[in-house]
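Heads up: the sequence shown is residues 0 to 508, going by numbering that gives the first Met the number 0.
We put the CB at the ideal spot given by N, CA and C, even for glycine.
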Amino acid sequence: MTQAEAKLCDLVVLPELVVTGYPPEDLLLRPSFMDEVDAAVDAIIKASRNTCVVFGSPRRFGKVLRNSVFLAQHGKLLGIYDKQFLPNYGVFDECRYFEPGDGEQCLFDVNAWRVGVGVCEDLWHDELALRQQSMCCDVWLNLNASPFHVGKQSEREALVRRRAISFSTPLVYVNPVGGQDEIVFDGGSHVVDAAGHLIMRAPLFECRGTVVDLAAVGQTDIAPLSESLAQMYQALVTGVSDYVLRNGCHQVVIGLSGGIDSALTAAIAVDALGAANVLGVLLPSRYSSDHSLADATALVENLGMDAITLPIAAGVDTVEQILAETFAGWGKSEPDVTEENIQARMRGLLLMAISNKTGRMVLTTGNKSEMAVGYATLYGDMAGGFAVLKDVYKTEVFALCRWLNRDSEVIPENTITKPPSAELRPDQKDSDSLPDYDVLDAILTASIEERLGVDEIAARGYDKAEVKRVVRMLQLAEYKRRQAPPGVKITERAFGRDRRYPITHGFRE
0 MTQAEAKLCD LVVLPELVVT GYPPEDLLLR PSFMDEVDAA VDAIIKASRN
50 TCVVFGSPRR FGKVLRNSVF LAQHGKLLGI YDKQFLPNYG VFDECRYFEP
100 GDGEQCLFDV NAWRVGVGVC EDLWHDELAL RQQSMCCDVW LNLNASPFHV
150 GKQSEREALV RRRAISFSTP LVYVNPVGGQ DEIVFDGGSH VVDAAGHLIM
200 RAPLFECRGT VVDLAAVGQT DIAPLSESLA QMYQALVTGV SDYVLRNGCH
250 QVVIGLSGGI DSALTAAIAV DALGAANVLG VLLPSRYSSD HSLADATALV
300 ENLGMDAITL PIAAGVDTVE QILAETFAGW GKSEPDVTEE NIQARMRGLL
350 LMAISNKTGR MVLTTGNKSE MAVGYATLYG DMAGGFAVLK DVYKTEVFAL
400 CRWLNRDSEV IPENTITKPP SAELRPDQKD SDSLPDYDVL DAILTASIEE
450 RLGVDEIAAR GYDKAEVKRV VRMLQLAEYK RRQAPPGVKI TERAFGRDRR
500 YPITHGFRE
């Protein structure tokens, strides 16, 4: 507000629910929390001066809550607008908390401007837009808490252009920047004139104030849109930085296998937190190849981070010896996936011990393809505080690593080109248990993102038996995903908030 006053702005516009952050979830149901919200709103109103401040906050309305916009100037409240359309899909649960507004008051007089106000989902509803077309105003404001997913900014701008033309009014779209648990907000605030021309776009993932003079003709301030992989990578960096730091940690620890997932996770962590705050741990077993250790060491050197080596063979042998007599008594002496999982769980145990001793958060390294089909070990490689790649398919992991290496080698080339392997048994390859990742990811994308059935996916040219097997694995792995750490959301159908299925059910495709 101080900067806006100094620049003689008529309005300063802040995002939806900026007072609490989005989503505040069940904090809204605690009276003591809402007491603090009320106090914060009063403080903002009293601090307002010549510039009118427009900001979002929950508010108590009798016995219910509303998702509201406050307009304040000269230390007084000018007016309140209540959000009319409450989203209740994907990450949004607003019907759980709020009652919709009646829409009676959405136009306000501010400094000789006639100002229209809406909140996020309001802008997407054609029914509301048709009612608003007849309203005469000088500028329309839309306050948002719109999470990032790849391609989202283009969708927003197309809608805002369409609405500005139908309203015959400039439209200001304001969106926050930063991470909140799994959700990342990419900003992308922008302004469109009455003819639908973009006149301002703030840089994605950059928190800054921008001054727009709606009376100036021909002036533009349009930050370029980066390519999809760059946006995806920045979302992951932002998600890690804000989750770790806002939860009181400053340092992280990552198990480095020499594989591509842990390599990308480490690169993201270094960009998010700085190399000095990232510790890599090499955890070789009797099945770890020489090239895996060499690749992990090369990565550490490329990133400038610290690393230690903790061989797990002796610990695994001890656990197996403890269990040997019991397993033999059950007639279960032959090694199987049990012994493979003991190795993964030994690694998880050591990483969590380092976390407990040092206060570093463990970042897990599993990707969305693995989480989808359950190709991960509970209390092993799934053990940790934050799952960086939880919403990144394996094929996207490869693409991101190649993008990182576009100018110079960050991820060792051998890490990218060698066949993926968990290295939990001799000569193991991921392809022993799963379809090739380009096929697996295509089937998973069709099932998860597009919600297609087996027959529809098979009609795209995939073997029907293979499709049924993948979909079956997807269904059976729900119990693992429920126990996984939170992770950065970058798609429209992230596990957890977006995609919610029961663990126990009899439905089969």
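query = Since His189 is in the beta strand (DSSP E), which residue starts that stretch and which ends it?
reply = Start and end: His189 to Val191.
query = Across which residues does DSSP place Ala306 in a beta bridge pair?
reply = Paired residue(s): Gly279.
inquiry  = If distances are taken between C-alpha atoms only, which option among Leu322, Tyr461, Phe326 and Ser256 comes closest to Leu423?
reply    = Checked all of Leu322, Tyr461, Phe326 and Ser256; the closest Cα to Leu423 is Ser256.
task = Could you check the C-alpha separation between Thr209 and Asp497 for me, to the nearest Å?
result = Their Cα atoms are separated by approximately 32 angstroms.
query = When DSSP builds the beta bridges, which residues end up paired with Trp402?
reply = In the DSSP output, where bridge partners are listed per residue, Trp402 has none listed.
query = Among the residues of its own chain, which have a CB less than 7 angstroms from the CB of Gly379, if the five just before and after it don't count?
reply = Spatial neighbours of Gly379 in its own chain (CB-CB distance under 7 angstroms, excluding positions within 5 residues in sequence) are listed in chain order as Asn340, Ala343, Arg344, Arg346 and Gly347.
request  = Tell me, please, which residues DSSP counts as bridged to Ser67.
outcome  = Ser56 and Asp81, per the DSSP bridge assignment.
ask   = Between Leu13 and the rest of its own chain, which residues show a CB-CB distance below 8 angstroms, the 5 nearest in sequence each way excluded?
value = Same-chain partners within the cutoff: Val52, Val53, Phe54, Gly55, Leu142 and Val173.
ask   = Would the beta-carbon of Arg200 fall within 8 angstroms of that of His189?
value = The answer is yes: Cβ separation under 8 angstroms.
task = Give the range of the alpha helix (DSSP H) segment to which Thr503 is assigned.
result = That residue, Thr503, is in no alpha helix (DSSP H); it is neither H nor E in DSSP.
query = CB of Trp329 to nearest heavy atom of the ligand COA: below 7 angstroms?
reply = The model depicted lacks the ligand COA and carries no ligand whatsoever.
query = Does the distance from the C-beta atom of Lys484 to that of Thr363 stay below 8 angstroms?
reply = The question names Lys, but residue 484 is Pro in the sequence shown. Contact: yes.
query = Under 8 angstroms, do Pro411 and Ser430 count as touching if we go by C-beta distance?
reply = Cβ atoms of Pro411 and Ser430: not closer than 8 angstroms.
query = Leaving out five residues before and five after Trp123 in sequence, what residues of the same chain have Cβ atoms less than 7 angstroms from its Cβ?
reply = Cβ-Cβ distances below 7 angstroms link Trp123 to Leu158 in the same chain, with the five nearest sequence neighbours on each side left out; the list follows chain order.
key: DSSP state of Leu255 mapped onto helix, strand, coil   = If DSSP states are grouped into helix, strand and coil, Leu255 belongs with the strands.
ask   = Which whole-angstrom value is the C-beta distance of Ser165 and Ala128, which I expect to be below 8 angstroms?
value = Between Ala128 and Ser165 the Cβ distance is about 6 angstroms, and since that is below 8 angstroms, they are a contact.
ask   = Distance, Cα to Cα, Asp454 vs Tyr461?
value = Their Cα atoms are separated by approximately 10 angstroms.
ask   = Which residue comes first and which comes last in the beta strand (DSSP E) that contains Val171?
value = Start and end: Leu170 to Val173.
inquiry  = Could you pull the DSSP bridge partners for Leu388 from this structure?
reply    = Beta-bridge pairing by DSSP links Leu388 to no other residue.
Uninterrupted beta strand (DSSP E) stretches inside the segment 325-392 (no shorter than 3 residues) = Qualifying beta strand (DSSP E) stretches, in chain order: 360-363.
message = Taking the alpha-carbon of Leu281 as reference, which of Gly273, Val269, Asp294 and Leu272 has the nearest alpha-carbon?
response = For the residues Gly273, Val269, Asp294 and Leu272, the minimum Cα distance to Leu281 belongs to Asp294.
inquiry  = Between Phe184, Ser332 and Leu309, which has its C-alpha nearest Ala319's C-alpha?
reply    = Note that residue 319 is Glu in the sequence shown here, rather than Ala. Selected option, being the one with the closest Cα: Ser332.
request  = Work out the CA separation of Lys367 and Leu439 for me, nearest whole Å.
outcome  = Roughly 11 angstroms separates the two Cα atoms.
task = Answer yes or no: do Thr490 and Glu448 have a C-beta to C-beta separation smaller than 8 angstroms?
result = Yes. Within cutoff.
ask   = Are Val372 and Leu473 close, meaning C-beta to C-beta below 8 angstroms?
value = Yes, Cβ-Cβ distance for Val372 and Leu473 is below 8 angstroms.
task = Inspect the beta-carbon positions of Pro99 and Ala144 and report whether they are closer than 8 angstroms.
result = Contact annotation: Pro99 and Ala144 have beta-carbon atoms that are not nearer than 8 angstroms.
key: For Asn141, the residue or residues it bridges with in DSSP   = BP columns for Asn141 point to Gly117 and Tyr172.
query = Can you tell me the Cα-Cα spacing of Asp437 and Gln427, whole angstroms?
reply = If you draw a straight line from the Cα of Asp437 to the Cα of Gln427, it is about 19 angstroms long.
message = For Met231 and Val470, what's the separation of their Cα atoms in angstroms?
response = One alpha carbon belongs to Met231, the other to Val470, and they sit about 26 angstroms apart.
query = Can you list, in chain order, the residues of its chain whose CB lies under 8 angstroms from that of Arg48, leaving out five sequence neighbours each side?
reply = Hits under 8 angstroms: Met0, Glu4, Gln72, His73 and Gly74.
ask   = So Val18 and Ala39 are in contact, right, with Cβ under 8 angstroms, and what is the actual spacing, rounded?
value = Right, their Cβ atoms sit about 5 angstroms apart.
query = What separation, rounded to the nearest whole angstrom, lies between the Cα atoms of Asn276 and His249?
reply = One C-alpha to the other measures close to 7 angstroms.
For Leu399, the nearest candidate out of Gly486, Ala265, Gly384 and Ala274 (CA to CA) = That would be Ala265, whose Cα lies nearest to the Cα of Leu399.
key: From Ser227, Ala268, Arg130 and Val391, residue whose alpha carbon lies closest to that of Gly150   = For Gly150, the closest C-alpha among the options Ser227, Ala268, Arg130 and Val391 is that of Ser227.
request  = Output the distance between the C-alpha atoms of Glu24 and Gly505, rounded to the nearest integer angstrom.
outcome  = Straight-line Cα distance between these residues: approximately 31 angstroms.
request  = Express the C-alpha separation of Thr444 and Gly330 in angstroms, rounding to a whole number.
outcome  = Each residue's Cα considered, the two are about 41 angstroms apart.
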